[in-house]
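Presented below is the structure to which this report refers.
In our numbering, the protein residues as written are 372 to 450.
This is how it looks when you write it as structure tokens:
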């Protein structure tokens with residue numbers, strides 16, 4: 372369950388995206404929170420947490436594909 376949402380300027384979001392893809396191997400399997408890496412909350416390792424992660428990803432992906440259909444090609448390349 373997502374307990375906290377925040378909004379930021381597009382420039383800050385772009386910086387966070389670049390930061391997220393630029394970190395080293397030690398950050399693999401962690402999440403970015405306020406420009407720092409942190410471990411997942413414990414519930415995300417349970418089946419219920421994994422189910423929620425999948426649902427959020429599928430909903431986010433569907434919204435993104437509806438607004439930017441070209442992104443489907445990127446998803447296909449990542450398979």
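Virtual Cβ for every residue (Gly too), placed ideally from N, Cα, C.
Just to confirm my understanding: we take residue i, look at its own chain, exclude 5 residues before and 5 after, and list those with CB closer than 7 Å. What are they?
i, result
"residue 413", "none"
"residue 410", "401"
What separation, rounded to the nearest whole angstrom, lies between the Cα atoms of residue i and residue j?
i, j, result
"residue 391", "residue 403", "7 Å"
"residue 398", "residue 425", "21 Å"
"residue 394", "residue 430", "26 Å"
"residue 388", "residue 401", "14 Å"
"residue 420", "residue 396", "24 Å"
"residue 445", "residue 385", "18 Å"
"residue 380", "residue 447", "29 Å"
Since residue i and residue j are thought to touch, with beta carbons under 8 Å apart, how far apart are those beta carbons, to the nearest angstrom?
i, j, result
"residue 442", "residue 436", "6 Å"
>> Restricting to runs no shorter than 4 residues, where is the alpha helix (DSSP H) found entirely within the stretch 399-440?
In response: 418-438
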